[in-house]
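*Asks:* Here UniProt numbering is used: position 330 in the sequence shown is 330, and no number is missing along the way.
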Amino acid sequence: MASRYSEVYAAWKADPHGFWAAAAGSIDWFRPPERIFEPERGAYGHWFPDGVTNTCYNCLDRHVEGGRAHQPAFIYDSPVTDRIEKISYGDLLADVKTMAAVYRNLGIGKGDRIIIYMPMIPQAAVAMLAAARIGAVHSVVFGGFAANELAVRIDDCQAKLVVSASCGLEPGRSVAYKPLLDAAIEIAANKPAHCLIFQREMLAANMVPGRDIDFAEALAAAKQAGEEAPCTPVASTDPLYVLYTSGTTGQPKGVVRDNGGHMVALKWSMEHFFGARPGEVFWAASDIGWVVGHSYIVYGPLLNGNTSVLFEGKPIGTPDPGTYWRIIAEHGVAVMFTAPTALRAIRKEDPEATYVPRYDLSRFRALYLAGERADPDTIQWAERALGVPVIDHWWQTETGWPVAGNPMGLGLLPVKYGSPAVPLPGYDVQVLDDAGHPVGAGTLGNVVVKLPLPPGCLPTLWNADDRFHAAYLNEYPGFYKTADAGYVDEDGYIFIMARTDDIINVAGHRLSTGAMEEVCASHPDVAECAVIGIADALKGQIPAGFLVINSNVSRETSEIEREVVSLVRERIGPVAAFRMAICVKRLPKTRSGKILRATIQKIADCQPWKMPATIDDPAILDEITEALHAKGIGV
Numbered sequence: 001m002a003s004r005y006s007e008v009y010a011a012w013k014a015d016p017h018g019f020w021a022a023a024a025g026s027i028d029w030f031r032p033p034e035r036i037f038e039p040e041r042g043a044y045g046h047w048f049p050d051g052v053t054n055t056c057y058n059c060l061d062r063h064v065e066g067g068r069a070h071q072p073a074f075i076y077d078s079p080v081t082d083r084i085e086k087i088s089y090g091d092l093l094a095d096v097k098t099m100a101a102v103y104r105n106l107g108i109g110k111g112d113r114i115i116i117y118m119p120m121i122p123q124a125a126v127a128m129l130a131a132a133r134i135g136a137v138h139s140v141v142f143g144g145f146a147a148n149e150l151a152v153r154i155d156d157c158q159a160k161l162v163v164s165a166s167c168g169l170e171p172g173r174s175v176a177y178k179p180l181l182d183a184a185i186e187i188a189a190n191k192p193a194h195c196l197i198f199q200r201e202m203l204a205a206n207m208v209p210g211r212d213i214d215f216a217e218a219l220a221a222a223k224q225a226g227e228e229a230p231c232t233p234v235a236s237t238d239p240l241y242v243l244y245t246s247g248t249t250g251q252p253k254g255v256v257r258d259n260g261g262h263m264v265a266l267k268w269s270m271e272h273f274f275g276a277r278p279g280e281v282f283w284a285a286s287d288i289g290w291v292v293g294h295s296y297i298v299y300g301p302l303l304n305g306n307t308s309v310l311f312e313g314k315p316i317g318t319p320d321p322g323t324y325w326r327i328i329a330e331h332g333v334a335v336m337f338t339a340p341t342a343l344r345a346i347r348k349e350d351p352e353a354t355y356v357p358r359y360d361l362s363r364f365r366a367l368y369l370a371g372e373r374a375d376p377d378t379i380q381w382a383e384r385a386l387g388v389p390v391i392d393h394w395w396q397t398e399t400g401w402p403v404a405g406n407p408m409g410l411g412l413l414p415v416k417y418g419s420p421a422v423p424l425p426g427y428d429v430q431v432l433d434d435a436g437h438p439v440g441a442g443t444l445g446n447v448v449v450k451l452p453l454p455p456g457c458l459p460t461l462w463n464a465d466d467r468f469h470a471a472y473l474n475e476y477p478g479f480y481k482t483a484d485a486g487y488v489d490e491d492g493y494i495f496i497m498a499r500t501d502d503i504i505n506v507a508g509h510r511l512s513t514g515a516m517e518e519v520c521a522s523h524p525d526v527a528e529c530a531v532i533g534i535a536d537a538l539k540g541q542i543p544a545g546f547l548v549i550n551s552n553v554s555r556e557t558s559e560i561e562r563e564v565v566s567l568v569r570e571r572i573g574p575v576a577a578f579r580m581a582i583c584v585k586r587l588p589k590t591r592s593g594k595i596l597r598a599t600i601q602k603i604a605d606c607q608p609w610k611m612p613a614t615i616d617d618p619a620i621l622d623e624i625t626e627a628l629h630a631k632g633i634g635v
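Printed below as a string of structure tokens:
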């Protein structure tokens, strides 16, 4: 079908308040907003400031009342426990009503903060929705996060309650959460009054008398007593959650998400961007510890009346590189969202995509990618293997929903590989030079969004308004700083090339590491790669590429390194001064799949560095250090 994108984007630009007023009509309000936007409130204005609503009501109650009680809300698929469970909207609502009553009995009320420190299990979603039901503010922290990092978050949001589990599961091992939680509370100045602990059968946790309460027992007892909590009306501008993202100072930033604007934006995006229809199965293969899990495992699909897949596993190793395709086939997934790094891991293990034909993917419509830059080679590999559109898109924890992408719900636009396509309604994306002046089409610069940000984006940081201004608004007055570098072409397509920290200066030339990575990834033997800038006395910085090779390759790595160097010099030119490619077994990543380029750079430059709190496997940094030392770097 022809795309309606240009018409819809123009309609938003012509009348942004009218556009979002219409979108707000798809949400149920206890008191509909009469004022759509109030520019004088907050850092850049507030959306729907006089509206009164409840996120849990919109996710569950209205669907049960509207006839979806028997439709699965979640399909819990856990290859690490060999368990699949379907949870209907009706059953989920019953559990959430009761858990909300448990919270209330523990003295939790509107505005109180709850830390949720859980694995990818249904109880985590129950914990989130129950908080939303009574107007409490949840802050999900990755299960297994280090004790001191968890303590910082407990202190920053002044949590009254922690909801956790005895353990999480990684391929081949259990990760005990409770000792980490106990240590965090010991460190924290703010002591939560209670901890609700879900005991998993594979590893029981020791309970602290008087403080710790068994999650399942408390839920069962309250259910037996017939205890249920009604929805608490909250202002549209009241916080729904705080999600911590790493800060450059080492102090995490608490991204605040409001209730009303968040629901309006997510509901709009599910229908018009992802093209997901109510009743269909939608799967975001992420974790609730990340913004993707908040927006597109829990809230977005439920707001839209979809069935959401809750996956406890990995793209490979649980048990093989066909896990994703098995889930799509078995559960009838229509639309999936994952990170490019997951596809690269699958491709590394199964370069010829031999697992795909084993499954019936006839109901599968589209694969969406975000979280890391999606290199053209990975997208094209997935297109060939799956035979469906593979749609790159770009957004951030701070925005809460996509800034740019190819909107399937409005009709797909032509694809330009390397670009997440076009800005979505609500976002006026521009590119400025370091002095804040607009640059021409095709010119690399600082990607910014003209204020005000649309509904769903962060209104501020938790208890840190000044820091919010300093981090995002002060550098380019009138704009939100994304801290991404890129350009917009003559057709209005956005190209995100790197974080601004990853633009390297080689003998006075500003060069994008993303462009070099694109060339490295095009080598047929390279599964994934990262390029960083290393300090150089003569040129300021020189690039170095780290290459992970496909599993089925038996050639000498030195030969591949030479070929990649030649490729970069051929396609980008000698100005890149790209002379160093290093084959490594793995790249260090966060648990969401982002490559830790800044940490590799500090190791290479012999600068002090701290173990990143979100790293997936710390041992990989030792391997990277050894690989650098073997080349005489970082010694």
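For each residue, glycine too, the CB sits at the ideal point set by N, CA and C. In this text the structure is predicted, and so the values were computed from the model without any measurement.
1) What does the Cβ neighbour count give for residue 248, buried or exposed, with the cut at 16 atoms within 10 Å?
2) Pairing CB atoms from the region 239 to 259 with CB atoms from the region 460 to 471, are three or more of them under 8 Å?
3) Nearest-angstrom Cα distance between residue 598 and residue 502?
4) Could you check what DSSP says for residue 99 in three-state terms: helix, strand or coil?
5) Can you tell me which of the three DSSP states residue 16 falls into?
6) Between residue 369 and the rest of its own chain, which residues show a CB-CB distance below 6 Å, the 5 nearest in sequence each way excluded?
7) So what's residue 139 in DSSP terms, helix, strand or just coil?
8) Please classify residue 403 as buried or exposed, where buried requires at least 16 other C-beta atoms within 10 Å of its C-beta.
9) Is the number of C-beta pairs between the region 522 to 537 and the region 335 to 351 that are closer than 8 Å three or more?
10) For the ligand HEM, is there a heavy atom less than 7 Å away from the beta-carbon of residue 518?
11) In chain order, what residues of the same chain lie with their CB nearer than 6 Å to the CB of residue 350, ignoring the 5 residues before and after it?
12) DSSP three-state label for residue 427, please.
13) What do you reckon, are the CB atoms on residue 227 and residue 98 nearer than 8 Å?
14) Could you check what DSSP says for residue 540 in three-state terms: helix, strand or coil?
15) Evaluate residue 635 with the Cβ neighbour count: other Cβ atoms within 10 Å of its Cβ, from every protein chain shown; 16 or more gives buried, anything less gives exposed.
16) What residues in its chain sit with their C-beta under 7 Å from that of residue 611, if we drop five residues either side in the sequence?
17) With the cut-off set at 8 Å, would you say residue 449 and residue 493 are in Cβ contact?
18) Nearest-angstrom Cα distance between residue 594 and residue 57?
19) DSSP beta-bridge partners for residue 645?
20) Note down, in chain order, each residue of its chain lying with its Cβ closer than 7 Å to the Cβ of residue 27, except the 5 sequence neighbours on either side.
21) Look up residue 72 in the DSSP assignment and give the residues it is bridged to.
22) Residue 498 and residue 572: beta carbons closer than 8 Å?
23) Report back the beta-carbon spacing between residue 425 and residue 19 to the nearest angstrom; my notes put them in contact at under 8 Å.
24) Is residue 215 helix, strand or coil when you go by DSSP?
25) Where does residue 148 land, buried or exposed, given buried means 16+ other C-beta within 10 angstroms?
26) When you compare the CB positions of residue 531 and residue 517, do they come within less than 8 Å of one another, or not?
27) By DSSP, does residue 21 sit in helix, in strand, or in coil?
28) Going by DSSP in three states, residue 459 sits in which element: helix, strand or coil?
29) Give the range of the beta strand (DSSP E) segment to which residue 239 is assigned.
30) Would you call the CB atoms of residue 407 and residue 273 closer than 8 Å?
31) Check whether the region 302 to 319 and the region 272 to 288 touch, using three or more Cβ-Cβ pairs below 8 Å as the test.
32) If you run the structure through DSSP and keep just helix, strand and coil, what is residue 618?
33) Can you name the start and end residues of the alpha helix (DSSP H) that residue 296 belongs to?
34) So the candidates are 490, 542 and 414; which of them puts its Cα closest to the Cα of residue 431?
35) Check the DSSP bridge columns for residue 583 and list the partner residues they point to.
36) Can you tell me whether residue 437 is helix, strand or coil according to DSSP?
*Replies:* Here's the rundown:
1) Note on residue 248: pLDDT 49, under 50, position unreliable in the model; the coordinate value appears next. Flag for residue 248 reads exposed.
2) Because the criterion of three Cβ pairs below 8 Å is met, the region 239 to 259 and the region 460 to 471 touch.
3) 8 Å
4) helix
5) helix
6) 340 and 392
7) It is a strand residue.
8) Burial call: buried.
9) yes
10) Absent from the structure shown: the ligand HEM. Ligands present: none.
11) If we look at residue 350 and ignore the five residues flanking it on each side, its Cβ neighbours are 321.
12) DSSP, reduced to helix, strand and coil, places residue 427 outside both helices and strands of the structure shown, so it counts as coil.
13) yes
14) strand
15) exposed
16) 618
17) no
18) 34 Å
19) This structure cannot speak to residue 645, because the chain is shown only from 1 to 635.
20) 53, 58, 263, 264 and 267
21) 88
22) No; because the gap between Cβ atoms is not below 8 Å, this pair is not in contact.
23) Their Cβ separation, rounded to whole angstroms, is 6 Å, which keeps residue 425 and residue 19 in contact under 8 Å.
24) helix
25) exposed
26) yes
27) helix
28) Coil, per DSSP.
29) 239 to 245
30) yes
31) Verdict: yes, contact present.
32) coil
33) From DSSP, residue 296 is part of no alpha helix (DSSP H); its letter is neither H nor E.
34) 490
35) 547
36) coil
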